[in-house]
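Just so we're on the same page, the working numbering is the position in the sequence shown counted from 1, plus 151.
Idealized CB from N, CA, C, for every residue including glycine.
Have a look at the structure below, then the notes.
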Amino acid sequence: EQGDEEDDGGGGGGGDGGGGRRDRGGIDIWRRENIALYCSYAAVGLCDGLVGGTVKSFCYYSWPDEDNNVCAVSGSVVRLGWSVKIFIAYLCEAHRPFGLRRKPYIAGGWASGVGVLVLIALLADRLSFPAYVALAGLFEFLMMFAEVSADGYTVELSRLEPPSRRGRILADGQICRFGMNIVAGALQCTLLNGPSTNPEGRGFGWGLTISQMYWMLVAVVAPPLAASLYLFRERPPDPKG
């Protein structure tokens, strides 16, 4: 442990290849060039909770003429992208745009995903339910490029942690993700417990529409993702492999 502290004495600045300040043989994940990792995990938790987690409720009450069986399986269809994460991972590892392994996929996944959120917000009132499911599923699929690349980068950074703390970066990232999943559930209970997700006479007399929910998502996730990804500097690969 003493050796770790001595080795880190000169590494407090930002000249370590972009991975952030070393901290007792590990890495300071909270530096601005690294915080995009946790912002991405938090956005995944919030977006999946409010997109995949609400599709059945919207089906039953916003498209009341839709077949009940279609509504029942809609959540699984929207989240189909989670089932192909392994193939997305192979694709991301095989191709490295601009010589980078993680940032292009994290930034590109979120940029295209937020674009789909904006499209849904604009068209929600005019979409058929199958079209809505297709766009929501496309969003989740694009989000998986960011999720898979964030997972891979987390593994890389975890190798820099000292044995006594190894796994902390991974654990904190999952806390961000599932913590925001809980926030998404709380938002469903409050802001989405109105006429658009309840039978007539049930729930609150007010609440967000589908379009308003998607505009809210864009407003909440886009600014921190844009700022943190702009500052994000990917570490060069470890030459030791």
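May I ask you to report which of helix, strand or coil DSSP gives residue i?
i, result
"S315", "coil"
"A181", "The amino acid occupying residue 181 in the given sequence is Trp; Ala does not appear at that position. W181 falls in the coil class under three-state DSSP."
"E291", "helix"
"V372", "helix"
"W214", "coil"
"T360", "coil"
"F296", "helix"
"N344", "coil"
"T205", "coil"
Identify, in the order they occur along the chain, each residue of the same chain with its Cβ nearer than 6 Å to the Cβ of residue i, setting aside the five sequence neighbours on each side.
i, result
"C190", "P375, L376, S379"
Leaving out the 5 sequence neighbours to the left and right, which residues in its chain are closer than 7 Å to residue i when beta-carbon positions are compared?
i, result
"F329", "G196"
"F383", "E184, A187, K254"
Is the beta carbon of residue i sitting closer than 8 Å to the one on residue j?
i, j, result
"K207", "G226", "yes"
"D276", "S362", "yes"
"E271", "A187", "Glu is not the amino acid found at residue 271; the sequence shown has Ile there. It is not a contact, given that the beta carbons lie outside the stated cut-off."
"A193", "M295", "no"
"G345", "G356", "yes"
For residue i, collect the residues of the same chain with a Cβ closer than 8 Å to its Cβ; drop the 5 residues on either side in sequence, then sort them by chain order.
i, result
"T205", "Q339, L343, T348, M364"
"L278", "I271, L286"
I think residue i touches residue j, with their Cβ atoms under 8 Å apart; what is that distance to the nearest whole Å?
i, j, result
"T305", "I326", "Going by Cβ atoms, the distance from T305 to I326 rounds to 12 Å, so no, they are not a contact pair."
"G464", "A297", "Residue 464 lies beyond the range of the chain shown here (152 to 392); nothing can be said about it."
Below 8 Å, how does it come out for the region 199-214 and the region 327-344: are there three or more Cβ pairs, yes or no? yes
State whether the region 285-305 contacts the region 229-239, with contact taken as three or more CB pairs (one from each stretch) at a distance under 8 Å. yes
With a cut-off of 8 Å, do at least 3 Cβ pairs link the region 265-272 to the region 359-375? yes
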